[in-house]
Each structure stands twice: as structure tokens, then as C-alpha cells.
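The numbering used here applies: residue 100 is where the sequence shown begins, and numbers increase by one. Only one structure is covered here, and it is reproduced in the block below.
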Amino acid sequence: MVLTVSTSIILVFRITSLLMTFLLSYTLIIRWLESKIRVVFLFMIANLISSTSNIASVIEVLFFFDSSTTLNLFSTVLLSFFGLIIASIYLLFIDYFEHEHMSPGKVALAVAPSSAYPLGILAVVLFSPTSYMEPNFLIFLNIVLLLVPLFMIAIGYSSYRALENCKEFAYDEEHLNQLVNMQLGIVCLFILTPISITITNIITPFLDNLGEFKQVIYYSPQEILLIIGGFLLWQAYARSRRIAFLQPQRVYKLIVVNNAGLPVYSFDFIESSKQIDESLISGGISAVSSMLGEVLGATDIQSISFESHKMMIRTFTKFSVVLFAERESAFLLKAIDDFGSQFEVQFGDKIQDGVQPDHFDGTKNLVLRSFGLAVKEEMKGML
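Structure (C-alpha cells):
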């Protein structure tokens, strides 16, 4: 098997893209095993399918690139199908990212194109005479090459807007940079890549005088954008242990209250936020708990809702952890449980009436780690 210069260039691009998706998929698997967050799982699945698509694209270059037109059409249809599945899963990822559940409408929108695609291929195969098979595939492919980019651009735009809305909740500059890099990665993968494919589909028929390098002109822009997009997502997301930007909401304050109703530790997630009186809050929780215990027999309050705030409470043996946020979420509840468990192991024997907050050295790192805000340097002392 002898590869031409143009084919070799395209092969290098595709192998690089494959390695980038492998790296991103591997690190996403690690992050999911660490966090067990469903939205990370969806992102991981999308990238594993992307890796499979890249494997297919490398095989195409090695064995079918200069084959018959029919084989090339089948290859293009297959790779477009992979792109459609990736975009569909990413649509569910963004829906879960924003609302922490997948709406039936978004699920239907994700499933319908992926289901219609193989049905279209099957219809061409079953109902096209042999002499018209290739022209019918060309018609089908032209429809695909029009609809799939539009679908991907729409998902890319909605994803960009979702992340833009999250910027106001950024914990610090590093947090904000993660969001910006993720936005740029999404723009490269879901907006610029389909646009580049559409443009090259239009201009390449006029480049026949370039010979074999016509293929380089056709494939290079999309391959370069895929590599850049994958790298930006890796840099924004998978390289860092920070996962807090998966929560598009504002988290205000965490308070640890002992069983006597006294606050023993507090942490402000937003330093400029309105100050919350820990003593008043802890006393209020104790009063409400006592009242509900006598009236309803309830001994453990899980949460209290206000007009624009949610107070989540988790009770441990010698203390309770109280978190103030805009809304309740599975991520925050798990973070409270993780923090409380670690705090109990390290400081449980020190918690008693009248203990001062400075007795809990290192508690800030526990908060940052549990809530996905710890950077690499902050993790070293805890591993």
C-alpha cells in the first residue's frame, strides 16, 4: 500500500485528531470515576463515540481513500452518522448541564435524527435499482450534508449560550478561563467545523487543476479545527480537577454547626455576597428542628426553600453542614455529603461546645476539593 503525498498529509491530521480524542476520552473516564457525576458520563460517552469515528476515518484513509466512488460515499455517510450521534448526545449533555435532567422534547430531538438516518440509508439500498444506487446515494448525501451541519451549528450555539450564562457564577479567574476555553472548543467543533465542511463542499469543484492536493484543501480545515477543538476542551475540562463549572448556579455559603446549635466553621464561595449571620442561621435551624420534632415527629431537615435561595442541610453524628445556593442539585448534595464525611474523619473528635474555628486547619481545602474547586496545587496536600 503506497500513500500519495496528499493522502499522507490527511492521514497525519486524522491520527493527530484520533490521539487528541483518545486523550480527552481517557481523562474524562478518570474524572467520571472520581466524581460519578452523570453530566460527566454523557460528555465521556460523546467523546468515546468521537474516538470511534476517528478510528473509522483513519481506516478510510488507509484502505478506501482512492477506492470507488460508491465506497467513498458509504464512508462519508458513515462518518456523517457518527457526527450526528455525537451532536445528539452533546445536546443531552447540555440539557442535563443546564437543568440537571433531560427534557422529553430534547430526548426526542436527539433520538429522531439518529433513528431517521439509518432508515434513509436502508430505503436507498432496498428501493433503488442497481443502476441508480449511486445517484440516489448522492441525493441522500447532499441532504445529509445540508441538515447535519445545521443540526450541529444549532447545538453549538445553544451550548455556547449555556456556558455564557454560567460566567456570572464563576468562582474565580481560573474558573472563568475554564468556561472560556470550553466555549472556544465548542465553537471549533460544532460551529466552525460544519461551516468549513460546507464551504469546502462548495469550492472544491472549482479546484480540479490542483490535482491530488484538492483533497488536502478539502480535508485540512475540518481536521485542524477538530484537533484545536479537542485540545481546548481537554485544556478547559479534563486537564483540571475542577468540575465546579458543571453547575450553572450561584453557591453562597457553607456553615458547619455543632449539635449545640453553635457555628464552628464557615466558608464564603462568593466573597462579595451579602454577609450571612452564622449564629442567627444556626439558631434558626435548631429552633425549626425542635418545632418540627415535637409537632410532626421529624428529626432531620433536608432542605428549606426561600424565594430565591435554597438551604440544604446534612446531619452527621456531632454536627450539621448547611449550604446556601440558588437551587438544590444532585451535585451539591453529593458535595455536602463528601465534605461532611471528610470533616467528620479529620475533626469529629474536636467538635464540641465552644470550639473556635481556627482549630480546623485545612478545612478550606476540604471544601474546595468536595465542591470541585481545587486546583492541582491545592490537591497535593490532600492526596
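By construction, the Cβ of each residue, glycine as well, lies at the ideal position given by its N, Cα and C atoms.
Of the other Cβ atoms in all chains shown, fewer than 16 fall within 10 Å of the Cβ of residue 211; this residue is therefore exposed. Shown here, residue 424 sits in a strand according to DSSP, grouped into three states.
Non-local C-beta neighbours of residue 319 in its own chain, meaning closer than 7 Å and more than five positions away in sequence, comprise 112, ordered along the chain.
Using a Cβ distance threshold of 7 Å, residue 282 and residue 262 count as a contacting pair. CA-CA distance, residue 330 to residue 272, rounds to 20 Å. In the displayed model, residue 409 falls within a strand according to three-state DSSP. Taking the Cα positions, residue 190 is about 17 Å away from residue 291. DSSP places residue 367 within a strand segment (E or B) once states are collapsed to three. Taking 8 Å as the upper bound for CB-CB distance, residue 247 and residue 178 are not in contact here, some 10 Å apart.
Judged by DSSP secondary structure, residue 467 falls within the alpha helix (DSSP H) whose first and last residues are 462–469. Inter-residue distance for residue 356 and residue 434 is about 17 Å (C-alpha atoms, whole angstroms).
According to DSSP, residue pairing for residue 414 in a beta bridge involves 419. Beyond the five residues adjoining it in sequence on each side, residue 216 comes within less than 7 Å, by CB distance, of 180, 183 in the same chain, given in chain order. For residue 469, the CB contacts under 6 Å within the same chain, skipping 5 residues up- and downstream, are 434, 437, 438 in chain order. About 5 Å separates the Cβ atoms of residue 326 and residue 116, confirming a contact at the 8 Å cut-off. For the 7 Å CB-CB criterion, residue 150 and residue 193 do not form a contact. Assigned with DSSP and collapsed to three states, residue 123 falls in helix. Taking residue 139 as the centre and dropping the five residues before and after it, the same chain places the C-beta of 130, 131 closer than 6 Å to its C-beta, in chain order.
Ranked by Cα distance from residue 426, the options 198, 118, 136 are led by 198. For residue 362, the closest C-alpha among the options 321, 411, 420, 334 is that of 420.
Inter-residue distance for residue 416 and residue 410 is about 20 Å (C-alpha atoms, whole angstroms). The C-beta of residue 222 has fewer than 16 other C-beta atoms within 10 Å across all chains shown, which makes the residue exposed. With contacts defined as CB atoms closer than 7 Å, residue 145 and residue 185 qualify as a contacting pair.
Between residue 234 and residue 240, the alpha-carbon positions lie close to 10 Å from each other. Here residue 280 is buried: its Cβ has 16 or more other Cβ atoms, across all protein chains shown, within 10 Å. Non-local beta-carbon contacts of residue 205 in its own chain, meaning distances under 8 Å to residues more than five positions away in sequence, involve 190, 191, 194 in chain order.
About 6 Å separates the Cβ atoms of residue 265 and residue 278, confirming a contact at the 8 Å cut-off.
A direct Cα-Cα distance of roughly 34 Å separates residue 118 from residue 465.
Judged by DSSP secondary structure, residue 275 falls within the alpha helix (DSSP H) whose first and last residues are 272–285. As a beta-bridge residue in DSSP terms, residue 357 pairs with 418.
Per DSSP, the unbroken alpha helix (DSSP H) holding residue 443 starts and ends at 429–446. Between the alpha carbons of residue 161 and residue 244 lies a gap of roughly 23 Å.
Apart from sequence neighbours up to five positions away, the residues of its chain that approach residue 300 with a beta-carbon distance below 7 Å are 244, ordered along the chain.
Per the DSSP secondary-structure output, residue 139 pairs with nothing in a beta bridge. From the listed residues 462, 289, 428, 142, the smallest Cα separation to residue 255 is found for 289.
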